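Accompanying notes for the structure given below.
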Amino acid sequence: MPRTRCPHCGWKDEVDEEFIGKHVECPECEEEFLSKRLKKKKKRSFSSAASSSMQVDEATMANEGCGVYQEGNALVVKREAVFPSRCVKCNKEATDHIRHRFSHVSPLILLTFPCGILPVLVLYFIFRKTVVYQIPLCGRHKNLRKITKTIGILLTLLSFIGFLYATSGESVIYIAVCGVSFIFGLAFIIASRPLSLMKIDDYFVTFEQVNIKFLQSLPSRR
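For the sequence shown, this note's numbering begins at 1303 and goes up steadily by one.
Given below as structure tokens:
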């Protein structure tokens, strides 16, 4: 039997075929309405859902590595590309993908450094170009990156704490040690980056110092 629905109160139920297309009284709210046949919703079968899921997975797999090229000793990546599932450090199968934001700005902004650090920072945030990638890493290199970054952060924090306590003129050596700690801290933080950025333009991002095996597994950019 066909089903109909009252537009006033939302009541719906099965009715005889003869009442379809006629004005009837709702048994719930007692309002009169034009009885219309409700369309049956198609049930999505498990097989079609699984097929759709497989198609999505296949599309994702097909897109992996598209737009990732080698150009000499450099890695060139489209801004919207997806990296292949191989560690960028050793070319082994990747077990994790880390989200990393890369930023680049022309070094010419350093010419404004004599005017103070503030103009440099303002120009940096105005003219910088940024891109975010999911970088594939194996378990070993992911853990190594985490350790390196942690050491860098700790050394940097310790150097700042040391500078705060080294206020007297007798603490010159202590200040020098804190300065060295700060430099090493920054070096460790920089070393923890998954890739070394060269430049970012409107369409491509270029990286250097990439694992040679990973580069050789990629198509050349034409």
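Glycine residues also receive a C-beta, built at the ideal position from the N, C-alpha and C atoms.
Being a predicted model, the structure only gives us computed values, none of them experimental.
Reduced DSSP category for K1444 - H, G, I as helix; E, B as strand; rest coil | helix
In terms of DSSP beta bridges, what is S1405 paired with?
-> T1432
Three-way DSSP call (helix, strand, coil) for I1322 in this model | coil
Reduced DSSP category for F1509 - H, G, I as helix; E, B as strand; rest coil | strand
Measuring CA to CA, which of L1520, R1307 and V1378 is closest to F1321?
-> R1307
Based on Cα-Cα distance, which residue from K1324, L1412 and F1429 lies nearest to V1422?
-> L1412
Enclosing alpha helix (DSSP H) for L1488 [first to last residue] | V1474 to A1493
Which residues in the same chain have their Cβ closer than 7 Å to the Cβ of M1500, if we skip the five residues on either side of it in sequence?
-> A1376, T1508, F1509 and E1510
CA nearest to the CA of R1495, picked from D1318, I1419 and H1443 | H1443
Taking the continuous beta strand (DSSP E) assigned at L1377, which residues delimit it?
-> A1376 to K1380
Measure how close the beta-carbons of L1425 and T1414 come, nearest whole angstrom, since I'm counting them as under 8 Å.
-> 6 Å
With K1515 as the anchor, note down where its alpha helix (DSSP H) starts and where it stops.
-> I1514 to Q1518
If we call anything under 8 Å between Cβ atoms a contact, is E1327 one with E1334?
-> yes
Sub-8 Å separation of G1487 and Y1476 beta-carbons = no
Leaving out five residues on either side along the sequence, give the residues of the same chain with a beta carbon under 7 Å from the beta carbon of V1370.
-> V1379, A1383, F1385, P1386 and L1520
If we call anything under 8 Å between Cβ atoms a contact, is L1497 one with I1437?
-> yes
Thinking L1340 and V1390 are a contact (beta carbons under 8 Å), I'd like their distance in whole angstroms, please.
-> Rounded, the Cβ-Cβ distance is 56 Å, inconsistent with contact.
Run of the beta strand (DSSP E) containing F1335, from where it starts to where it stops | E1334 to L1336
8 Å contact criterion, which T1450 and A1493 should meet: CB distance rounded = 6 Å
Just how far apart, CA to CA, sit P1329 and P1304?
-> 17 Å
Do you know how far the Cα of K1515 is from the Cα of K1394?
-> 9 Å
What are the boundary residues of the beta strand (DSSP E) that includes V1370?
-> V1370 to E1373
For V1384, three-class secondary structure by DSSP | strand
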